[in-house]
Amino acid sequence: MFDKRFFQRFLSYAGASSLVAIGYMDPGNWLTAIVGGNLFHWWILPVMTLAIVFAIVLQLVSARLGIVTGKNLAELVAPALSKPVRIGFWAFNELAMIATDLTAVVGTAIALHLLFGWSLQVTTLLTVFDIIIFLWLFKFGVRRIELLAVAVMIVVTIGFIFVLQPHRLAETQPVHEPFRSFGWLSVSLVGAIIMPHNLYLHSELAKARPYNRENDAEVSDMLRMAKWDTTIHLLGSWVVNVLLVLMGWFVFTEIGHSNVMFSALYDTLKPTVMAPIFAIALLLTGLIASIASTLAGQIVMTGLLKWRLPMVWRRIITRAFTLVPVIIIVFLYHGQEQALSELIIVAQYSLAVMLPANLAVMWWAMRRLPTRWQFPPMVQKIVVGVALVVGVFSLLGLFM
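The sequence shown lines up with residues 1 to 400 when you count with the numbering used here.
The following block contains the structure:
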């Protein structure tokens, strides 16, 4: 039966997961999924689908922690950690924020290169000025940024559907053996999908919605809305990732792995209006992903250490650390896009390596919820299982 009241409340809530979901389809996801589709065809789809299913569970855990306790994940665990451990854990997560921002920098630089034809050396240096866009967007508030993220998701999805024209499906045959570097790329894909910073970001965004935490009925209502909001947005990101894998499989088969780059896809679209739309979508996902990682960085720093920087300084410092490895690579390899593409894969792999420690923290927090809000044992097992599997395969992936 249609619940009009719930639907109206859901519309007022919807969007808390949009900034989270954009992290599941940022430039790092684009490249990792495309390379996976090109190398392993449908073999990579079960890995990606399973990662999205686990991601939905983990983001629902994050949202519930925030809604039930009124605190984000960092605030929940801080009292249980000694000061040296808190500082170390904060530094550890800052590396994750930098790795996340790195993919946004590379995506933005490549998008500017495609749109204007400037060298990658120049466009990489220009990414420092996204701080101006960052400040301009923040004038409108986080809610407007969430709506922009939803719009970007829709544009990207429609754009990729147009790219994957039906006649392309009949033109290709599998050309790569199914297990070459499969472990490494699978772990990178998991890192691209289940990003550590989203665990903190979602718990903050979910609790920021107006509700009475002392009223169990309102809390239950919020949890229900969070479940729908999270599932809808992350299933949307799953559709985008499937399209990316198919793009790597069908569009890039004739090009080969060594040329799986954003510029190659852009060139195939040049005769149509989809070429600039593709580049603009890449630019927007990079910008919004960097906003999300900046917000998450502020949440972790404030929650663990009680330090608070003005958002602009937070953005400048993160971007400064991010630009160092990107500038080194782009100038060392004379602006070759392939070098930047490989840097993205490495960054995504590092995110997967950092994930188990953050899942351990989440598991600790979820076990301390009030009894009436406890998770079923199966959910707790999923969190532990994902942490163990990702941890083991992060090590094994180095040799696969």
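Each residue gets a CB set at the ideal place from its N, CA and C atoms; glycine is no exception.
Select from the options the residue whose C-alpha is nearest the C-alpha of residue i.
i, options, result
"R86", "D229, L125 and T302", "T302"
"W307", "K83, V390, A51 and A55", "K83"
"P196", "Q348, K270 and V242", "Q348"
"V53", "Q298, T230 and R144", "T230"
"I56", "P46, A78, D26 and V20", "V20"
"L65", "T123, V152, F10 and K207", "K207"
"K381", "G23, L58 and W43", "L58"
"K401", "G88, Y266, N241 and H202", "Within the shown structure, residues of the chain are numbered from 1 to 400, placing residue 401 beyond reach of any answer."
"L351", "A80, L81 and I98", "I98"
"L125", "V324, L304, S186 and G297", "V324"
"I327", "L343, G286, S237 and L147", "L343"
"A80", "A387, P377, E337 and L304", "L304"
"K227", "T371, A63 and P27", "A63"
"V190", "W373, L355 and A217", "L355"
"L284", "V122, L137 and I67", "L137"
"L147", "A16, L282, V379 and I345", "A16"
"A217", "A365, I131, F89 and W373", "W373"
"A387", "P376, T123, F375 and I194", "I194"
"S18", "G236, G335, T318 and S119", "G236"
"A149", "L282, I131, L45 and L120", "L282"
"E214", "I67, I154 and F89", "I67"
"F89", "M311, Y266, G297 and T371", "G297"
"M274", "V219, I345 and V155", "V155"
"W30", "I133, N241 and N212", "N241"
"I161", "V346, P27, G286 and L269", "L269"
Span of the alpha helix (DSSP H) holding residue i?
i, result
"I455", "Since the first residue shown for the chain is 1 and the last is 400, residue 455 is missing from the structure and cannot be characterised."
"V466", "Here the chain comprises residues numbered 1 to 400, so residue 466 is not present and cannot be evaluated."
"E218", "D216 to L246"
"I56", "I44 to T69"
"G37", "P27 to F40"
"A206", "P196 to K207"
"L323", "M311 to L332"
"S350", "E337 to M366"
"T127", "Counting along the chain, T127 falls outside any alpha helix (DSSP H), and DSSP gives it neither H nor E."
"A74", "L73 to V77"
"A21", "S18 to I22"
At the level of alpha carbons, what is the spacing between residue i and residue j?
i, j, result
"T139", "A91", "The identity of residue 139 in the sequence shown is Lys, whereas the question assumes Thr. Distance between the alpha carbons of K139 and A91 is about 29 Å."
"G37", "L295", "31 Å"
"L340", "F262", "11 Å"
"M407", "T69", "Since the first residue shown for the chain is 1 and the last is 400, residue 407 is missing from the structure and cannot be characterised."
"V239", "G159", "12 Å"
"V77", "V152", "33 Å"
"A320", "A109", "15 Å"
"Q173", "W42", "In this predicted model, Q173 has a pLDDT of only 47, less than 50, meaning its place in the structure is not dependable; the value taken from the coordinates is given anyway. Distance between the alpha carbons of Q173 and W42: 12 Å."
"V330", "M25", "23 Å"
"L234", "I22", "9 Å"
"R9", "R144", "17 Å"
"F250", "A74", "42 Å"
"V128", "I316", "8 Å"
"V175", "F40", "With a pLDDT of only 43 at V175, under the threshold of 50, the placement of this residue in the model should not be trusted; the figure read from the coordinates follows. Straight-line Cα distance between these residues: approximately 9 Å."
"V383", "W363", "7 Å"
"L332", "D101", "20 Å"
"E204", "P271", "44 Å"
"N93", "T322", "14 Å"
"S258", "Q338", "Model confidence at S258 stands at a pLDDT of 49, short of 50, so the residue's coordinates are unreliable; what they give is reported in the following sentence. The straight-line gap from Cα to Cα measures roughly 8 Å."
"L120", "P376", "49 Å"
"R368", "L309", "30 Å"
"G385", "L60", "16 Å"
"T462", "R5", "This structure gives no information on residue 462, because the portion of the chain shown stretches from 1 to 400."
Handout entry: Stretch-stretch touch, CB-based, cutoff 8 Å, three pairs: the region 103–118 with the region 284–299
Key = The region 103–118 is in contact with the region 284–299.
Practice task
For the region 267–286 and the region 113–124, state whether three or more C-beta atom pairs, one from each stretch, are separated by less than 8 Å.
Solution key: These segments touch.
Handout entry: Inter-stretch contact (C-beta, 8 Å, three-pair minimum) for the region 345–360 and the region 384–394
Key = Touching, yes.
Problem - the region 30–45 touching the region 244–251, judged by at least three CB pairs closer than 8 Å - result: By the C-beta criterion, the region 30–45 is judged to be in contact with the region 244–251, since at least 3 inter-stretch pairs fall below 8 Å.
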